[in-house]
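Going by the UniProt record's numbering, the sequence shown opens with residue 1, and the numbers climb by one from there. Yeah, the Cβ is synthetic: ideal placement off N, Cα and C, and Gly gets one too. Since the structure is predicted, the reported quantities are computational estimates derived from the model, not experimental observations. Quick notes on the structure that follows.
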Amino acid sequence: MRDLSRQAVIERLRRDPAPEVLVVGAGINGAAVFRELALNGVRAVLVDRGDIAEGASSALSRMVHGGLRYLETAELALVREGATERNRLLRNAPHLVGPLRTMVPLYDLWGGTFAAIAKLFRRPTTSGRRGAMLIRIGLMLYDWLGSRERTMPHHRMLSRDAALTAMPGLTRSIASAAEYWDGWVSHPERINLELVLDALAAAPQADALTYAAAEGLGPEGVRIRDTLTGETLTLAPRIVVNAAGAWIDRVNAPLGINTRMIGGTKGSHLVIDHDGLRAALGDAMLYFEAPDGRTCIVFPFLGNVLLGTTDIRVEDADGVRCEESEIDYLFAVLKEVLPDVAIGREHIRYRYSGVRPLPYVDAATPSLIPRTHSLVPSEPTPERPFPVLSMVSGKWTTFRAFGEQAADEVLHRLGKPRSVGTQSRPIGGGAGFPADRAGWIRDLARETGLPDTRIADLLARYGTRARDAARAIAAGPDAPLEGLPRHSSGEIAWIAREEMVAHLADVVLRRTLVALRGEASEEAVRAIAAVLADTLGWSAARTAEDVDATLALLRDRHGAGYPLKATRPVSATS
Ligand SMILES: Cc1cc2nc3c(=O)[nH]c(=O)nc-3n(C[C@H](O)[C@H](O)[C@H](O)COP(=O)(O)OP(=O)(O)OC[C@H]3O[C@@H](n4cnc5c(N)ncnc54)[C@H](O)[C@@H]3O)c2cc1C
Numbered sequence: 001m002r003d004l005s006r007q008a009v010i011e012r013l014r015r016d017p018a019p020e021v022l023v024v025g026a027g028i029n030g031a032a033v034f035r036e037l038a039l040n041g042v043r044a045v046l047v048d049r050g051d052i053a054e055g056a057s058s059a060l061s062r063m064v065h066g067g068l069r070y071l072e073t074a075e076l077a078l079v080r081e082g083a084t085e086r087n088r089l090l091r092n093a094p095h096l097v098g099p100l101r102t103m104v105p106l107y108d109l110w111g112g113t114f115a116a117i118a119k120l121f122r123r124p125t126t127s128g129r130r131g132a133m134l135i136r137i138g139l140m141l142y143d144w145l146g147s148r149e150r151t152m153p154h155h156r157m158l159s160r161d162a163a164l165t166a167m168p169g170l171t172r173s174i175a176s177a178a179e180y181w182d183g184w185v186s187h188p189e190r191i192n193l194e195l196v197l198d199a200l201a202a203a204p205q206a207d208a209l210t211y212a213a214a215e216g217l218g219p220e221g222v223r224i225r226d227t228l229t230g231e232t233l234t235l236a237p238r239i240v241v242n243a244a245g246a247w248i249d250r251v252n253a254p255l256g257i258n259t260r261m262i263g264g265t266k267g268s269h270l271v272i273d274h275d276g277l278r279a280a281l282g283d284a285m286l287y288f289e290a291p292d293g294r295t296c297i298v299f300p301f302l303g304n305v306l307l308g309t310t311d312i313r314v315e316d317a318d319g320v321r322c323e324e325s326e327i328d329y330l331f332a333v334l335k336e337v338l339p340d341v342a343i344g345r346e347h348i349r350y351r352y353s354g355v356r357p358l359p360y361v362d363a364a365t366p367s368l369i370p371r372t373h374s375l376v377p378s379e380p381t382p383e384r385p386f387p388v389l390s391m392v393s394g395k396w397t398t399f400r401a402f403g404e405q406a407a408d409e410v411l412h413r414l415g416k417p418r419s420v421g422t423q424s425r426p427i428g429g430g431a432g433f434p435a436d437r438a439g440w441i442r443d444l445a446r447e448t449g450l451p452d453t454r455i456a457d458l459l460a461r462y463g464t465r466a467r468d469a470a471r472a473i474a475a476g477p478d479a480p481l482e483g484l485p486r487h488s489s490g491e492i493a494w495i496a497r498e499e500m501v502a503h504l505a506d507v508v509l510r511r512t513l514v515a516l517r518g519e520a521s522e523e524a525v526r527a528i529a530a531v532l533a534d535t536l537g538w539s540a541a542r543t544a545e546d547v548d549a550t551l552a553l554l555r556d557r558h559g560a561g562y563p564l565k566a567t568r569p570v571s572a573t574s
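Written as C-alpha cells, this is what we have:
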C-alpha cells in the first residue's frame with residue numbers, strides 16, 4: 001500500500017490540489033460517501049477537522065435499527081431503509097454488529113392512540129405512553145418493513161406474567177410487554193474507520209487527512225488548515241460534499257451558502273457499572289417510554305450497561321457534555337421502569353454527548369423533527385465555481401444508503417458510471433468472517449503462538465483484521481500495559497502504525513473502547529501514550545502535552561470524577 005502518513009498525504013495534495021471531489025467531515029456519512037466514490041474510481045479527498053468519528057458518529061445509542069418510533073410520524077420509507085440496512089450490516093459487519101433482543105414494557109391497551117394520530121399529521125400533542133394496541137400494530141408493520149434480507153425472529157407480545165418472568169425487575173405497573181429483535185453496534189467508531197481504510201486500500205487515487213479543517217474559500221479553492229501544524233493548503237475540487245453533520249451550516253457559510261439546514265438536538269448517554277442493573281436486564285435491551293413520552297434505552301454493553309438518552313435543542317454543537325440535569329433525568333426514568341435498581345453517580349463509569357444533525361424545521365417538539373436524510377445541492381456561483389452537496393441528517397444505521405445516494409449524484413455530475421456497489425460488500429474485518437470462529441481462532445493461535453483467548457479478543461475487536469494484528473503482536477516487541485489487561489503494547493503499536501493515529505485521544509476514545517468501558521485511568525492513558533510516542537516518534541514534550549489534553553478531555557467531557565477507579569479483572573469478552 002502507498003504511504004498513508006500525514007506527511008505523504010499532504011505532499012500528494014500539494015502536488016495535485018485538484019481532486020474531483022472534496023468530502024468535508026469524516027463521520028459515518030462522510031466516510032460512507034468517500035468509500036463509494038473511491039471504489040468507483042473517483043479522485044476523492046476526505047478531510048476532517050478532528051479525528052475520524054469524532055462527532056455524532058461516536059455519540060450514538062449504538063442501535064442499528066429501522067426506528068420503530070418513526071412509524072408514528074409515517075416515515076415508512078425511512079423505517080424500511082433503516083431495517084434493510086440493519087439486516088445488511090448484520091451480514092457485512094458481523095464482527096461489530098449483532099442482533100439485540102428488545103423488550104418494550106406496556107402499561108395499558110389503548111394508550112397514546114390519539115397522540116399517535118396527532119403525530120401522524122405532525123400536530124403538536126400532549127405526550128403520553130403508547131399502549132399495547134399501538135405497539136402491536138407498529139411491530140407488525142416494523143416486521144413487514146424489515147423483511148428484506150432478514151435473519152432475525154419476528155416480534156411477539158407477552159402477557160404481564162410472561163414479561164415479569166422474562167425480566168423480574170420490571171415495574172409491577174406494566175400490563176404486558178412486547179419483544180422484538182433489532183441490531184446493535186459495539187464499536188461504531190471502528191466501522192467508520194474501516195470504511196475509510198477500505199477505501200484507501202482499494203483506491204490508490206483517494207486520500208484522507210484528519211485534523212484538517214475546511215475553513216473557507218480563497219481565490220484558488222477551499223482552504224484547508226492542518227490543525228496540528230497550523231499550515232494551510234488549498235484544494236480546488238470539481239464538487240464538494242459537505243458531510244460535516246451538526247457543523248454543515250458552519251462549513252457552508254464561508255462558501256457563500258447561508259441557508260440554514262441544521263437544527264441539532266443534543267443527546268447524552270451514561271455507561272453504568274452496577275451488578276443489579278446488569279442482572280435485571282440479562283441479555284436484553286429495554287426500549288421504554290419515559291412518562292413524558294420520550295423513548296429511552298438501556299442495555300447490557302460489554303460488561304457494563306448503556307443508558308440513554310436525552311433530546312435537547314442546541315444551537316452550538318461544540319463541546320457539548322452530559323449535564324447534571326440530564327443524569328437526574330436518566331436516573332429518574334430508569335427508576336420508573338426498574339424500580340428496585342438503586343443506581344447513583346458513583347456507578348457512572350463514562351458519559352458522552354453528541355448532537356443529532358437533524359434538518360432545521362420549526363417543530364416545537366424535538367421528536368417531531370423528521371429524521372429522513374436528504375442531499376441538498378447548492379449550485380456554483382461566480383465566486384464559487386463548484387457545487388456543494390450537503391448531506392443533511394441520516395441515522396448511523398442508514399449510512400451506506402445515504403452514501404450511495406450522494407455518490408450516485410456525484411457520479412452523475414462527473415459523468416462517470418457506477419461500477420462497484422456496496423450492498424453486500426463486507427466492511428473491514430467483516431471480510432471473510434469465519435462461520436467456524438473456534439477453528440479460525442485455533443489456526444491463528446497455532447500460527448502466531450498467541451493464546452486462544454487473546455486471538456478471540458482480537459477477533460471480537462478487529463474481525464478478520466485480527467490476523468494482521470496477531471502477526472504484528474507475535475513479531476514483537478510486545479509487553480503488558482499498566483492498568484490495561486485487555487491490551488498490550490504490540491497491539492497499540494499496530495493501531496498506531498495502521499490506523500491514521502494523530503493524537504493520543506484517537507486511540508483512548510475511538511480506536512479502542514478503553515474510555516467507553518471506563519478503563520481510562522491515568523496509568524492506562526500514560527501507558528498508551530508511551531507506546532504511541534515510541535511508535536510514532538513523538539517527543540517527550542509533545543507526548544506530555546497530549547497526555548494532559550486527553551486527561552482533561554476525559555475529566556471535563558466524559559468523566560464522573562477523574563481519576564477513574566482501577567480496571568476490574570477481565571471477564572466479559574472484548
Ligand atoms: C445522542 C444520539 C443518539 C443516536 N443514536 C443513534 C442510534 O442508536 N442509531 C442510529 O442509527 N443513529 C443514531 N444517532 C444518529 C447518528 O449518530 C448520526 O445521525 C450520525 O452519526 C451522523 O453522522 P454524520 O457523519 O452526518 O455527522 P458526524 O458524525 O457529526 O460527522 C461530522 C464530521 O464533520 C467534521 N467537521 C465539522 N466541521 C468541519 C470542518 N470545518 N472541516 C472538516 N471537518 C469538519 C466533524 O469533526 C465530524 O467528524 C444518534 C445520534 C445522537 C447524537
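(request) Give the secondary structure of Y562 by DSSP, where H, G and I count as helix, E and B as strand, and everything else as coil. (result) Because the pLDDT of Y562 is 46, which lies under 50, any placement of that residue in the model is unreliable, and the question is left without a value.
(message) For a test of the three-state rule: what should DSSP assign to T84, helix, strand or coil?
(response) helix
(request) Verify whether the separation of the beta carbon atoms of I179 and L158 is less than 8 angstroms. (result) Correcting the residue identity first, residue 179 is Glu in this sequence and not Ile. The answer is yes: Cβ separation under 8 angstroms.
(message) Considering only heavy atoms of ligand 1, does any lie closer than 7 angstroms to the CB of N29?
(response) yes
(message) Between which two residues does the beta strand (DSSP E) holding T102 run?
(response) V97 to L106
(request) Give the C-beta separation of T372 and L78 to the nearest angstrom, bearing in mind that I take them to be a contact with Cβ-Cβ under 8 angstroms. (result) 5 angstroms
(message) Buried or exposed for I137, going by 16 or more other Cβ atoms inside 10 Å?
(response) exposed
(message) On the criterion of 16 or more Cβ atoms from any shown chain inside 10 Å, does A53 qualify as buried, or is it exposed?
(response) buried
(message) Please state the DSSP three-state secondary structure of D207.
(response) strand
(request) My understanding is that R351 touches C322, with C-beta atoms under 8 angstroms, so please give their C-beta distance in whole angstroms. (result) 4 angstroms
(request) Please confirm whether V337 and P105 have their CB atoms less than 8 angstroms apart. (result) yes
(message) Taking only three categories from DSSP, how would you classify R511?
(response) helix
(request) Would you mind stating whether A460 and W494 have Cβ atoms separated by less than 8 angstroms? (result) no
(message) Suppose you measure from the CA of A560 to the CA of L458; what does that come to, to the nearest Å?
(response) Residue placement at A560 cannot be trusted, given a pLDDT of 45 that sits under 50; the coordinates are not used to answer.
(request) Say yes only if the C-beta of S54 is nearer than 7 angstroms to one or more non-hydrogen atoms of ligand 1, and no if none qualify. (result) As written in the sequence, residue 54 is Glu, which differs from the Ser given in the question. Because some heavy atom of ligand 1 lies under 7 angstroms away, the Cβ of E54 counts as near it: yes.
(request) Could you check how far apart the C-beta atoms of residue 601 and D436 are, in whole angstroms? I think they sit under 8 angstroms. (result) Nothing about residue 601 can be reported from this structure: the residues present for the chain run from 1 to 574 only.
(request) Please classify V185: is it buried, with 16 or more other beta-carbons within 10 angstroms of its beta-carbon, or exposed? (result) buried
(request) Run the CB neighbour count on A243, radius 10 Å, all protein chains shown included, and call it buried at 16 or more, exposed below. (result) buried
(message) Assuming contact is defined by CB atoms lying nearer than 8 angstroms, are L22 and V222 in contact in what I supplied?
(response) yes
(request) Return the CA-CA distance between P237 and T229, expressed in angstroms with no decimal places. (result) 23 angstroms
(request) Confirm, please, whether the CB-CB distance from A31 to V196 is below 8 angstroms. (result) yes
(request) Use the C-beta contact count for S147: other C-beta atoms within 10 angstroms, 16 or more gives buried, fewer gives exposed. (result) exposed
(message) Using C-beta distances below 7 angstroms, list every residue in its chain close to E409, excluding the 5 sequence neighbours before and after it, in chain order.
(response) L375 and L389
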